[in-house]
Amino acid sequence: MSDFVLGVDLDGVCGDYTAAFKAVVSADRGIDPATLTDDVSWDFAEWGLDREGFLAMHRSGVEHHHMFRHMPPMPGVADALWRLSDAGVWIRIITHRLVTNWGHALIVSDTVEWLDTNRIPYRDLCFLGRKPEVQATAYIEDAPHNVEALRAGGNDVVVFDQPYNRHLDGLRAANWEQAESVISDLVAEAVGSYDAQMPGMDAGADRLDRRIVHGD
Ligand SMILES: [Mg+2]
Numbered sequence: 264m265s266d267f268v269l270g271v272d273l274d275g276v277c278g279d280y281t282a283a284f285k286a287v288v289s290a291d292r293g294i295d296p297a298t299l300t301d302d303v304s305w306d307f308a309e310w311g312l313d314r315e316g317f318l319a320m321h322r323s324g325v326e327h328h329h330m331f332r333h334m335p336p337m338p339g340v341a342d343a344l345w346r347l348s349d350a351g352v353w354i355r356i357i358t359h360r361l362v363t364n365w366g367h368a369l370i371v372s373d374t375v376e377w378l379d380t381n382r383i384p385y386r387d388l389c390f391l392g393r394k395p396e397v398q399a400t401a402y403i404e405d406a407p408h409n410v411e412a413l414r415a416g417g418n419d420v421v422v423f424d425q426p427y428n429r430h431l432d433g434l435r436a437a438n439w440e441q442a443e444s445v446i447s448d449l450v451a452e453a454v455g456s457y458d459a460q461m462p463g464m465d466a467g468a469d470r471l472d473r474r475i476v477h478g479d
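In our numbering, the protein residues as written are 264 to 479.
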């Protein structure tokens, strides 16, 4: 059952971009990260950044702080994606990280390294420009403009909850536990059934480590 392709965004969905970017901004300014609010808009204006300031800080974060290699993963993301993958969902990672005209080699290598380090399962990895759509059955996404464009194209989109997307209605997940549940419902609707993992099977993102330890 690989008829169901799930398009999975990275920043703000699999990885905590706000936390990673907060570390960069607070290091640059020599301030306590706790003084920067988590209740941010899409453009981080609450942190005193205009568009130009954001782009400069983002570039510094990517090139000097290796933000895409060290970004904290969202809690439970790897286990949830492994279970969905085991149930037959085709995981297609989608990212817009190459929208900049610099640092492509570094961005791609840090991204792939991060996916491996954090045990994120995937069958395709798509670096996209503006067009948000990659022929998936459903998507999970945080960026308001991408959610709106995908939905305008008739796609099912689960909004991964962030302070900057709360004006959007429709399917929403506050965390990966909820996301897994919403997505398994979409799978059941689309293909008629959802074969959750059998109890006692070797589940979870740490399976590779356990296999190595046990030698099987
Ligand atoms: Mg995103």
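Virtual Cβ for every residue (Gly too), placed ideally from N, Cα, C. None of the values given here were measured: they were computed from a predicted structure.
Going by DSSP, name the residue or residues bridged to residue i.
i	result
Phe390	Thr358
Ala399	Note: Ala399 sits in no beta bridge, so no partner.
Glu404	Val422
Leu269	Ile354, Ala401
Asp274	Gly278
Ala343	Answer is none; Ala343 lacks a bridge partner.
Pro336	Gly278
Under a Cβ-count criterion, where at least 16 other Cβ atoms within 10 Å of its own Cβ denotes burial, should residue i be classed as buried or exposed?
i	result
Ile294	exposed
Lys285	buried
Glu404	buried
Glu315	exposed
Trp365	exposed
Glu443	buried
Thr374	buried
Gln425	buried
Tyr280	buried
Gly392	exposed
Asp272	buried
Thr300	exposed
Leu413	buried
Gly311	exposed
Gly463	Its pLDDT being 49, under 50, Gly463 is placed unreliably by the model, and nothing is read from it.
Leu318	exposed
Ile475	Any reading at Ile475 must be qualified, since the residue scores a pLDDT of 48, below 50, and its modelled position is unreliable; the value itself is stated next. So Ile475 ends up on the exposed side.
Arg386	exposed
Asp274	buried
Put residue i into one of helix, strand or coil per three-state DSSP.
i	result
Gly293	coil
Pro426	helix
Arg382	coil
Ala286	helix
Ala459	coil
Ala436	strand
Val303	coil
Leu449	helix
Asp373	helix
His328	coil
His310	Per the sequence presented here, residue 310 reads as Trp, with His not at that position. Here Trp310 sits in helix by DSSP.
Leu318	helix
Asn409	helix
Thr298	helix
Ile475	The pLDDT assigned to Ile475 is 48, lower than 50, so where the model puts this residue is not dependable, and the model offers no usable value.
Write down the C-beta distance between residue i and residue j rounded to the nearest angstrom, noting that I regard them as a contact closer than 8 Å.
i	j	result
Ala401	Asn418	7 Å
Leu434	Val352	Actually they do not touch by this definition, with Cβ atoms about 16 Å apart.
Asp458	Ala350	5 Å
Ile446	Val421	7 Å
Strictly closer than 6 Å from CB to any heavy atom of ligand 1: give me those residues in the order they appear in the chain. Asp272, Asp274, Gly275, Val276, Asp405, Ala406
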